[in-house]
Amino acid sequence: MRIGRSRIDTRNYIRLRKGGEKYAARRIRLPEEAEITPADDAVVPAEWVSWRGRDGGRTILYLHGGAYVICSPRTHRDLVLRIARASRARAFVIDYRLAPEHPHPAALEDALKAYRWLLKKGVDPSRLAVMGDSAGGGLTLALLQAIRDSGLPLPVCAAVLSPWADLTSSGPSMRTRRRKDPLLDPASIAFYARLYAPESGLDMPAVSPLFGDFTGLPPLLIHVGGAEVLLDDSRRVAEKASDSGVTVEFRIWPRMIHVFQALAFILPDARKAIREIGAFMERHIS
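Using my numbering, you'd call the opening residue of the sequence shown number 10 and step up by one each time.
Dropping the structure here:
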């Protein structure tokens with residue numbers, strides 16, 4: 010992995026994990042309107058994130074990114090809060106189990122448990138969306154396929170930001186965007202893929218949902234940066250889902266990096282993208 014072209018030791022994922030938590034604790038300052046509530050009664054560790062006065066009776070199940078190895082609901086609070094505000098929803102953000110301590114299928118099992126729990130608690134699927142970024146975006150797609158295959162009611166819509174949907178790294182942008190991407194590099198992506206799925210085929214749909222069946226899935230919003238090596242993960246998901254009859258809104262943001270929406274506190278395009286997410290949910294719930 011690279012940050013500003015400086016290489017990080019990808020083997021020291023524990024340091025990365027702890028560093029992200031410390032940064033979130035010290036640097037992320039949420040507004041007074043933010044409401045963060047532990048979901049103590051949930052079947053998986055989770056928290057509710059909402060903006061006071063902006064709850065329109067809608068729910069988002071949010072799956073955070075972090076290569077299935079790092080990050081947590083705490084590291085994503087600012088991003089999720091902004092999405093919740095734009096969507097007039099409360100977000101249920103799960104702290105799913107991470108690799109390598111808990112490899113595949115732990116994360117997907119936790120996500121499906123969380124979805125079942127929301128339905129059991131009375132959340133109306135016609136007012137429920139599933140969203141995620143990066144690995145959480147890939148997990149969102151895998152979850153949608155699992156929900157359909159389980160015979161459960163599907164959410165009304167889903168949104169994925171720079172989804173990591175192909176852990177085999179077969180997309181051409183792995184080569185064509187390698188020198189443009191300041192954050193990710195193919196070698197690190199391959200390393201994390203094997204941490205997540207050491208015993209599973211990387212082309213299994215539950216691991217790489219790009220290779221799964223998109224038939225019958227709900228409307229899907231896909232955002233991706235034009236400068237990232239994962240560009241073709243999004244492009245191919247959009248094409249395959251559309252060919253399967255799914256309503257797809259696909260947007261490539263020129264020159265943007267991986268999950269640029271997380272930079273909404275300084276980046277106008279990130280704020281615009283988040284407004285588009287809110288408008289997408291508004292259209293499909295209305």
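Backbone N, C-alpha and C fix where the C-beta goes; we use that ideal spot for every residue, glycine too.
Query	Result
Residues of its chain near P114, where Cβ-Cβ distance is below 7 angstroms and the 5 sequence neighbours each way are ignored	A215
Proximity of L204 and Y124 at Cβ, strictly below 8 angstroms	no
C-alpha gap between A199 and S178, whole angstroms	7 angstroms
Close beta carbons around I283, own chain, < 7 angstroms, minus the five adjacent residues each side	R91, I92, A95, Q270, A273
Inter-residue CB distance, V139 and L152 (contact presumed, cutoff 8 angstroms)	6 angstroms
Proximity below 8 angstroms, CB of A196 to CB of L148	no
Buried/exposed call for R184, threshold 16 Cβ in 10 Å	exposed
CA-to-CA distance, I266 to R187, given in whole angstroms	12 angstroms
Given G141 as reference, the closest of P109, A43, D104 once Cα atoms are compared	D104
The region 214-231 in contact with the region 125-132 per 3-pair CB rule at 8 angstroms	no
Assigned secondary structure, Y77 (DSSP; H/G/I helix, E/B strand, else coil)	coil
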